[in-house]
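Participant: Reminder that position 133 of the sequence shown reads as 603 in my numbering, one-by-one numbering, no gaps. Even for Gly, the Cβ is constructed at its ideal location relative to N, Cα and C.
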Amino acid sequence: MGNREDLLAGARRCLFDKGYARTTVRDIATAAGVSMAAIGYHFGTKEALLTEALAEATREWGTDLEHALTRLPDETDPWQRFADRWDAVLATLAAHRGVWSATFDALAHPEARARLAENLDEARSGLARLFDGVAETDTAAARSLGTLYQALLTGVAAQYLIDPESAPTGSDLAEALRRITDPTR
471 MGNREDLLAG ARRCLFDKGY ARTTVRDIAT AAGVSMAAIG YHFGTKEALL
521 TEALAEATRE WGTDLEHALT RLPDETDPWQ RFADRWDAVL ATLAAHRGVW
571 SATFDALAHP EARARLAENL DEARSGLARL FDGVAETDTA AARSLGTLYQ
621 ALLTGVAAQY LIDPESAPTG SDLAEALRRI TDPTR
């Protein structure tokens, strides 16, 4: 690997171990085995490097989520399909806990928040595509469904980070939606 790749790998380890806010330039340089000046040369700032490392880790989580969802068997019952998909999300949250911890930590930092905001529409449309097969050209459906899925994802991820044992399961979420859509239940 070159210095740039080493820095990204080191920044990622630091993000997962120490978080966005507590990671220092020295921490990253030590983890990467390069000089502190290399951060400025390749990324300009520590924040830019951490934000890029977080974006890279988030893309990898998204790829794993896509693989998990595409491996699910076809389910004709929409409630079971929904539950199965959210159980797959929970499994990816467990496998990528560091990404989610770092993401929530990064929300307090303007540069990271701006980068997350830049990618929000893409994340929403991606979730709509993954969960419901919504075409990217169907912008209204991608926005409405994607917004709902992003809200659920953020909330479920927060609950999982707080207490994995009591985080809602796919069945819990499906049952709640059933109750909302059919108040007679």
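(1) Just the C-alpha distance for Arg-496 and Ser-614, rounded to the nearest angstrom, thanks.
(2) If we ignore side chains and look at the alpha-carbon of each, how far apart do Ala-518 and Glu-592 end up?
(3) Is the distance from the Cβ of Asp-476 to the Cβ of Ala-507 below 8 Å?
(4) Kindly indicate which three-state DSSP category Pro-548 falls into: helix, strand or coil?
(5) Is the number of C-beta pairs between the region 526-533 and the region 565-577 that are closer than 8 Å three or more?
(6) Could you check the C-alpha separation between Thr-562 and Thr-515 for me, to the nearest Å?
(7) Provide the residue span of the alpha helix (DSSP H) that contains Asn-473, from first to last.
(8) Which residues in the same chain as Ser-595 place their Cβ atom closer than 6 Å to its Cβ, once the five residues preceding and following it in sequence are excluded?
(9) Can you tell me whether Leu-577 is buried or exposed, with buried defined as 16 or more other CB within 10 angstroms of its CB?
(10) Which residue's Cα is closest to the Cα of Arg-599: Glu-645, Thr-654, Arg-474, Leu-539?
(11) Which class does Pro-634 belong to by DSSP, given the choice of helix, strand or coil?
(12) Could you check which residue in Glu-522, Trp-549, Asn-473 has the C-alpha nearest to that of Ile-650?
(13) In three-state DSSP terms, what is Pro-580?
(14) What do you get for Ile-632, buried or exposed, if any count of 16 or more other CB atoms within 10 angstroms of its CB means buried?
(15) Select from Leu-520, Arg-474, Asn-473, Asp-547 the residue whose C-alpha is nearest the C-alpha of Phe-486.
Facilitator: In short:
(1) Start at 1 with the first residue of the sequence shown, and residue 496 comes out as number 26. Start at 1 with the first residue of the sequence shown, and residue 614 comes out as number 144. The alpha-carbon atoms of Arg-496 and Ser-614 are separated by roughly 43 Å.
(2) Position 48 of the sequence shown, counted from the start, is the residue given in the question as residue 518. Position 122 of the sequence shown, counted from the start, is the residue given in the question as residue 592. Distance between the alpha carbons of Ala-518 and Glu-592: 20 Å.
(3) In the sequence shown, counting from the first residue as 1, residue 476 sits at position 6. In the sequence shown, counting from the first residue as 1, residue 507 sits at position 37. No. Outside cutoff.
(4) Taking the first residue of the sequence shown as 1, we reach residue 548 at position 78. When secondary structure is reduced to three states using DSSP, Pro-548 falls in the helix class.
(5) The answer is yes - the region 565-577 touches the region 526-533, with three or more Cβ pairs under 8 Å.
(6) Counting from 1 along the sequence shown, the entry for residue 562 is found at position 92. Counting from 1 along the sequence shown, the entry for residue 515 is found at position 45. Cα to Cα, Thr-562 sits roughly 30 Å from Thr-515.
(7) Residue 473 sits at position 3 when you count from the first residue of the sequence shown. In the DSSP assignment, Asn-473 falls within the alpha helix (DSSP H) that extends over 473-488.
(8) Sequence index remark: in the sequence shown, residue 595 carries index 125 (1-based). Counting only Cβ-Cβ distances below 6 Å, and skipping sequence neighbours, we find Glu-606, Ala-612, Gly-616.
(9) Position 107 of the sequence shown, counted from the first residue, corresponds to residue 577. Exposed, by the Cβ-count rule.
(10) Position 129 of the sequence shown, counted from the first residue, corresponds to residue 599. The residue with the shortest Cα to Cα distance from Arg-599 is Leu-539.
(11) On the sequence shown, position 164 is the one that residue 634 refers to. DSSP places Pro-634 in helix when its eight states are reduced to three.
(12) Within the sequence shown, residue 650 is the residue found at index 180, counting from 1. Put simply, of Glu-522, Trp-549, Asn-473 the residue whose alpha carbon is nearest the alpha carbon of Ile-650 is Trp-549.
(13) Residue mapping note: residue 580 aligns to position 110 of the sequence shown, counting from 1. Note: Pro-580 maps to helix in three-state DSSP.
(14) Stepping through the sequence shown from its first residue, residue 632 is reached at position 162. Ile-632 should be labelled exposed.
(15) Numbered from its first residue, the sequence shown carries residue 486 at position 16. Closest by alpha carbon: Leu-520.
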